[in-house]
Amino acid sequence: MLSALNTRLPTQESVDALRRQLHLDPVALRPGMRPLQRDVLWIADRVLEKLSPLAGDPRDQLAIEALHHRLSNGPPSLEVSVEALPDLYAFFKKAEHMLSRHRSPQNPDIEADYTLCRALKWQFRAAVSEGNHQRLTHNLLQSLSYIRDGGERINHRHIGYDIALESTRQISIGPHLAADSRLATTADQRIKSTRIIALQGKFKSTLSQPSESRSRAQLGLGYVSSREYSSLEHYADARSHSVRTSLSESIGRTANNLRNLVSDSCNLHRHRAYSTQSQPYVRDTLARAGLVDVELPCLHSPSQPIMTERGIALTMRGKVAVDFFNFLNVHTTIELTLQRTRQHKALDILGLHEMSPALAKQQMIALKHPDDSPTALLNDMKNHVISSSRQFTRSVSKPVPASELNATLHTSNRQARSLLERYVLLKTDSRLETHLDSEIRALIERNPALLRPEALRTYTLTAQAQTLSGSAGVTASSRAEAGGKGVSIEFSHRKSDDPHLSGDYLTIDIAALKSVAVVQKTLRHALSSIGDQAFDWEKLVRSISESLLDPARPSSTQVLVKIKHGEPVVLLTRHTMNKARNLGLPKPVEQFSGIDVQSLRTRQTLRTERLGTDSLDHLLPIARRYLGSPGEQSGWDDYIQHHVDDIHALLDALGRQTHGTTLAADLDAIKRISPALERAAEDLTRQANTALEAPTAEHRASAREAFNHLLREYLPHYQAKVSQAWTLS
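According to the working numbering, the sequence shown is numbered sequentially starting from 107.
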């Protein structure tokens with residue numbers, strides 16, 4: 107049997123194309139699908155008929171006939187082949203060139219044919235660019251497979267100059283410029299790319315006897331910027347044109363694809379814009395000529411970050427490194443960081459309505475369309491699509507000033523804004539029937555460049571985020587070892603829009619220690635340095651040491667702990683393998699010249715990941731991301747299946763109904779919100795208890811379904827809490 111996750115077989119694609127050709131499938135062409143070869147050849151035949159009577163250079167006529175012959179006698183196929191797209195672009199470009207020689211105000215038919223061929227050229231030029239872009243995106247996705255599996259990419263580069271304060275150059279001070287970037291999966295399973303540019307001041311000292319000791323004090327102020335994408339595919343689509351992103355993964359692949367990267371970066375946005383703006387005009391013109399419902403290239407919508415973040419980071423760091431007899435290196439690090447950022451979401455009025463209907467209603471309080479109807483709005487939208495596309499195509503095809511073209515686009519955007527506002531008003535007043543709502547939404551999704559352009563994202567929602575963290579760590583390594591062994595602990599207080607991602611956290615990193623006893627001893631010493639607490643660390647120490655993997659295959663372990671109800675609770679345990687490439691100047695050269703340069707690239711690959719069973723705080727943001735978004739249920743199901751043993755352990759803990767635990771406190775807090783949630787929580791407890799006593803597949807499935815029901819009931823309250831943190835600026 108074929109898995110539901112398998113891609114469609116070529117035979118199925120052929121069946122789908124045949125159904126489209128016979129007009130048995132009313133579904134419009136989707137991005138990634140190519141138009142029917144029959145339809146495209148019909149258009150080429152009609153254009154060639156228009157060109158035949160024209161007198162001109164015989165060489166041009168022979169050239170376009172040769173292109174037409176190549177297209178007509180290519181391998182038979184239902185859909186246009188990828189190889190034929192450049193020939194189609196060349197054909198319509200040549201037709202445009204031939205018609206341009208016959209343009210005159212006295213011959214409007216030639217002018218109309220010229221404009222059509224120019225717009226057809228844009229369609230297939232964009233299709234060629236889209237194909238190149240998709241190949242770059244595919245290559246980047248392959249390089250980032252470790253990110254999809256839960257890994258991270260961390261890059262650090264700095265350059266600085268150390269000014270010696272005495273003749274032996276053992277004490278120095280100097281400015282440094284550092285650039286750090288990180289690509290990782292967020293707590294709610296999105297993809298976040300963060301970059302920090304920091305100006306640092308460093309003080310260094312070296313003591314050579316009896317063993318070499320180096321100390322470094324650092325104070326830095328950095329600018330933080332980040333972008334968050336809904337998935338790795340969206341990130342790759344948005345960044346596959348970037349030379350910097352490509353260099354972060356592979357220098358060799360970047361060199362091989364440099365020409366395509368530059369072309370994609372410079373041309374793709376313009377090619378997409380011209381194609382999408384002019385396509386309704388092309389369809390309308392072809393329909394008037396008798397070619398109704400022919401297929402044209404369908405492009406992907408450009409991926410955009412769902413949220414951006416900007417702010418500052420203040421860092422103070424101290425490090426001492428001791429080299430004992432050129433055999434053992436010991437590093438001690440203490441760091442304090444304050445990061446304050448502001449998150450931004452740029453939305454149009456429809457996006458604002460989807461995120462916060464109350465805010466959208468406030469913005470439209472002065473708008474009144476009492477006589478408006480869904481049918482009238484739908485007709486106005488269709489007319490706007492055709493008229494705006496016609497105006498744009500004709501304006502670009504004429505030698506008009508840039509100011510006139512900009513005025514045309516501004517008028518079109520203003521009309522689109524009015525149409526979107528009318529649509530949101532109808533939704534707010536509940537005057538939209540379901541089938542008309544679906545039809546209007548489908549029209550918007552087919553023509554986003556004309557009905558929902560980027561220029562309409564004039565509403566900005568902002569939320570503050572802050573992290574205050576302090577960390578301390580000790581690592582040791584021998585000359586023969588790669589990396590080091592040790593423990594570092596970071597304590598952080600986090601404030602974000604999500605209440606379940608805010609609070610006090612401990613992040614404990616254990617680097618390749620094989621002995622459980624050594625881990626326990628090191629953890630006890632490190633945790634006791636935090637200060638006296640109202641709780642005992644011993645349970646946490648025991649839990650962490652028991653989670654270590656087989657010492658025969660050493661890996662780094664990261665444990666995320668949250669302080670809840672006065673107790674440390676393990677939320678997540680990750681075991682990773684790190685691969686680093688560290689480039690810098692040789693020590694003698696660095697000491698003699700005073701120049702400090704480093705490029706450190708780290709790839710972190712996830713081996714295993716375990717969820718904690720003492721709190722819901724790790725799962726709730728993931729549930730909000732998947733269950734709170736239309737069409738994302740499969741993402742939640744995949745996550746649950748990937749961690750099914752941990753989910754069952756969590757449900758077993760709920761089934762035991764142990765009072766006084768943090769998990770019981772989480773569930774009690776949900777129960778107090780509403781009677782419906784209380785009933786859902788009690789049903790979950792019963793189903794989980796049944797699965798605990800008789801863990802059959804049926805009982806397990808019932809417990810998971812009860813858990814999903816509780817989460818869905820909790821989501822409206824949860825999302826309202828998150829929305830409270832966002833303000834319209």
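Glycine is no exception: its CB is placed at the ideal position from the N, C-alpha and C atoms.
Task: Proximity of Gly761 and Asn795 at Cβ, strictly below 8 Å - done: Counting from 1 along the sequence shown, the entry for residue 761 is found at position 655. Counting from 1 along the sequence shown, the entry for residue 795 is found at position 689. Contact: yes.
- [ ] Would you kindly report the start and end of the unbroken beta strand (DSSP E) that includes Asp702?
- [x] Residue numbering aside, residue 702 sits at position 596 when the sequence shown is read from its first letter. Here the beta strand (DSSP E) through Asp702 covers Ile701 to Leu717.
TODO: Report the residue ranges of all alpha helix (DSSP H) runs contained in full by the stretch 198-259; include only those spanning at least 4 residues, in chain order.
DONE: Along the length of the stretch 198-259, whole alpha helix (DSSP H) runs at least 4 residues long occupy 214-249 and 251-254, reported in chain order.
Task: Straight-line Cα distance separating Glu272 from Glu560 - done: Indexing the sequence shown from 1 puts residue 560 at position 454. Indexing the sequence shown from 1 puts residue 272 at position 166. Cα to Cα, the separation comes out at about 58 Å.
Open item on the list: Could you give the first and the last residue of the continuous alpha helix (DSSP H) run that contains His340?
Closed with: Working through the sequence shown from its first residue, we reach residue 340 at position 234. From DSSP, the alpha helix (DSSP H) with His340 extends over Leu338 to Arg345.
Open item on the list: Measuring straight from C-alpha to C-alpha, what distance separates Ser109 and Ser509?
Closed with: In the sequence shown, residue 109 corresponds to position 3, counting from 1. In the sequence shown, residue 509 corresponds to position 403, counting from 1. Any reading at Ser109 is ruled out, since the residue's pLDDT is 34, under 50, leaving its predicted position unreliable.
- [ ] Would you decide whether Cys404 is buried or exposed? Buried here means 16 or more other CB atoms lie within 10 Å of its CB.
- [x] Residue numbering aside, residue 404 sits at position 298 when the sequence shown is read from its first letter. Cys404 should be labelled buried.
Task: C-beta contact flag for Leu532 and Pro480 at 8 Å - done: For this step, residue 532 is matched to residue 426 along the sequence shown. For this step, residue 480 is matched to residue 374 along the sequence shown. Yes.
Task: Candidates Thr382, Ala775, Pro137 and Val665: closest to Leu722 by CA position - done: Working through the sequence shown from its first residue, we reach residue 722 at position 616. Among Thr382, Ala775, Pro137 and Val665, the Cα nearest to that of Leu722 is on Ala775.
Open item on the list: From the DSSP secondary-structure annotation, give me the bridge partner or partners of Thr126.
Closed with: The residue you call residue 126 lines up with position 20 of the sequence shown. This sequence places Arg at residue 126; Thr is not what is there. When DSSP reads this structure, Arg126 sits in no beta bridge, so it has no partner.
Task: Through-space distance from Asp163 to Leu397, alpha-carbon basis - done: To locate residue 397, count along the sequence shown from 1; it is residue 291. To locate residue 163, count along the sequence shown from 1; it is residue 57. Going from the Cα of Leu397 to the Cα of Asp163 covers about 29 Å.
TODO: Tell me Gln445's beta-bridge partners as DSSP assigns them.
DONE: Counting from one through the sequence shown, the residue named residue 445 turns up at place 339. Looking at the DSSP assignment, Gln445 forms a beta bridge with Ala419 and Thr573.
Task: Through-space distance from Arg359 to Ile455, alpha-carbon basis - done: The sequence position of residue 455 within the sequence shown is 349, counting from 1. The sequence position of residue 359 within the sequence shown is 253, counting from 1. Spanning the two alpha carbons is a distance of roughly 42 Å.
Open item on the list: Between the alpha carbons of Thr662 and Ile616, how many angstroms are there, rounded?
Closed with: If you number the sequence shown from 1, residue 662 lands on position 556. If you number the sequence shown from 1, residue 616 lands on position 510. At residue 662 the sequence reads Ser, which differs from the Thr that was named. So the two alpha carbons sit approximately 6 Å from each other.
Open item on the list: Determine whether the beta carbon atoms of Ala427 and Thr443 lie at a separation below 8 Å.
Closed with: Taking the sequence shown and counting its residues from 1, the one referred to as residue 427 is at position 321. Taking the sequence shown and counting its residues from 1, the one referred to as residue 443 is at position 337. Not closer than 8 Å, so no.
Open item on the list: Applying the 10 Å Cβ sphere with the 16-neighbour rule, what's the burial state of Cys372?
Closed with: Here the question's residue 372 lines up with position 266 in the sequence shown. So Cys372 ends up on the exposed side.
Open item on the list: Measuring alpha carbon to alpha carbon, tell me which residue in Gln739, Gly280 and Thr439 is nearest Ile728.
Closed with: For the purposes of this step, residue 728 is identified with residue 622 of the sequence shown, where counting begins at 1. It is Gln739 whose Cα lies nearest to the Cα of Ile728.
Open item on the list: Let me check one thing: in DSSP terms, what residues is Asp615 bridge-paired to?
Closed with: By one-based count along the sequence shown, residue 615 stands at place 509. In DSSP, Asp615 forms a bridge with Ser594 and Gln664.
Task: the stretch 408-425 / the stretch 252-260 touching (three or more Cβ pairs under 8 Å) - done: Counting Cβ pairs under 8 Å, fewer than three are found: no touch.
Open item on the list: Just checking Ser493 against the ligand SAM - is the residue's beta carbon closer than 7 Å to any of the ligand's heavy atoms?
Closed with: For the structure depicted, the ligand SAM is absent and the ligand set is empty, with no information on it obtainable.
- [ ] Specify the secondary structure class of Arg496 as computed by DSSP and reduced to three states.
- [x] Position 390 of the sequence shown, counted from the start, is the residue given in the question as residue 496. Here Arg496 sits in helix by DSSP.
TODO: Pull up the distance between the alpha-carbon of Ala344 and that of Pro408, whole angstroms please.
DONE: Mapped onto the sequence shown, residue 344 falls at position 238. Mapped onto the sequence shown, residue 408 falls at position 302. When rounded, the distance between both Cα atoms is 7 Å.
Open item on the list: Let's test the definition: count the other Cβ atoms within 10 Å of the Cβ of His282 and tell me whether it reaches 16, buried, or not, exposed.
Closed with: The residue labelled residue 282 in the question sits at position 176 within the sequence shown. The residue in question, His282, is buried, as its Cβ has 16 or more Cβ neighbours within 10 Å.
TODO: Take every Cβ of the stretch 600-617, pair it with every Cβ of the stretch 562-574, and state whether three or more of those distances are shorter than 8 Å.
DONE: yes
Task: Whole-Å CB distance - Lys227 paired with Glu202, under 8 Å assumed - done: Taking the first residue of the sequence shown as 1, we reach residue 227 at position 121. Taking the first residue of the sequence shown as 1, we reach residue 202 at position 96. The Cβ separation is near 6 Å, so the contact holds.
Open item on the list: Here's the rule: buried if 16 or more other CB atoms are within 10 angstroms of the residue's CB, otherwise exposed. What is Gly579?
Closed with: Looking up residue 579 in the sequence shown gives position 473. Flag for Gly579 reads buried.
TODO: Below 6 Å CB to CB, which residues in the same chain sit around Ala588 once its five sequence neighbours on both sides are set aside?
DONE: For this step, residue 588 is matched to residue 482 along the sequence shown. A caution first: Ala588 carries a pLDDT of 47, below 50, which makes its placement in the model unreliable, though a value can still be read off. So the list is empty, once near-sequence residues are dropped.
- [ ] Ignore the nearest five residues each way along the sequence and tell me which others in Arg730's own chain have a CB closer than 7 Å to its CB.
- [x] Translated into the one-based positions of the sequence shown, residue 730 becomes position 624. Asp294, Leu821, Tyr824 and Gln825, listed in sequence order.
TODO: Compare the beta carbon distance of Leu458 and Ala452 with 8 Å and say whether it is the shorter of the two.
DONE: Residue 458 sits at position 352 when you count from the first residue of the sequence shown. Residue 452 sits at position 346 when you count from the first residue of the sequence shown. In this structure, Ala452 does not lie closer than 8 Å to Leu458 by Cβ.
TODO: Have a look at Arg152, Ala232, Arg231 and Thr292 and flag the residue whose alpha-carbon is nearest the alpha-carbon of His724.
DONE: What you label residue 724 is simply residue 618 of the sequence shown in a count that begins at 1. Of the listed residues, the one whose Cα sits closest to His724 is Thr292.
Task: Integer-rounded CB distance, given that His450 should sit under 8 Å from Thr568 - done: Looking up residue 568 in the sequence shown gives position 462. Looking up residue 450 in the sequence shown gives position 344. Yes, they are in contact, since the Cβ atoms of Thr568 and His450 sit about 6 Å apart, within 8 Å.
Open item on the list: Could you check whether Leu726 and His606 sit closer than 8 Å to each other, using their CB atoms as the reference points?
Closed with: Taking the first residue of the sequence shown as position 1, residue 606 is located at position 500. Taking the first residue of the sequence shown as position 1, residue 726 is located at position 620. Yes, they are a contact pair.
Open item on the list: Taking only three categories from DSSP, how would you classify Asp744?
Closed with: For this step, residue 744 is matched to residue 638 along the sequence shown. The answer is helix: DSSP assigns Asp744 an H, G or I state.
Task: Bridge partner(s) assigned by DSSP for Asp543 - done: In the sequence shown, residue 543 corresponds to position 437, counting from 1. Asp543 pairs with nothing; no bridge assigned.
Open item on the list: Assuming Arg350 is part of the alpha helix (DSSP H), what are its boundary residues?
Closed with: As a working mapping, residue 350 is identified with position 244 in the sequence shown. Per DSSP, Arg350 belongs to the alpha helix (DSSP H) from Val349 to Glu355.
TODO: Return the CA-CA distance between Thr514 and Ile279, expressed in angstroms with no decimal places.
DONE: By 1-based counting over the sequence shown, the position of residue 514 is 408. By 1-based counting over the sequence shown, the position of residue 279 is 173. Distance between the alpha carbons of Thr514 and Ile279 is about 58 Å.
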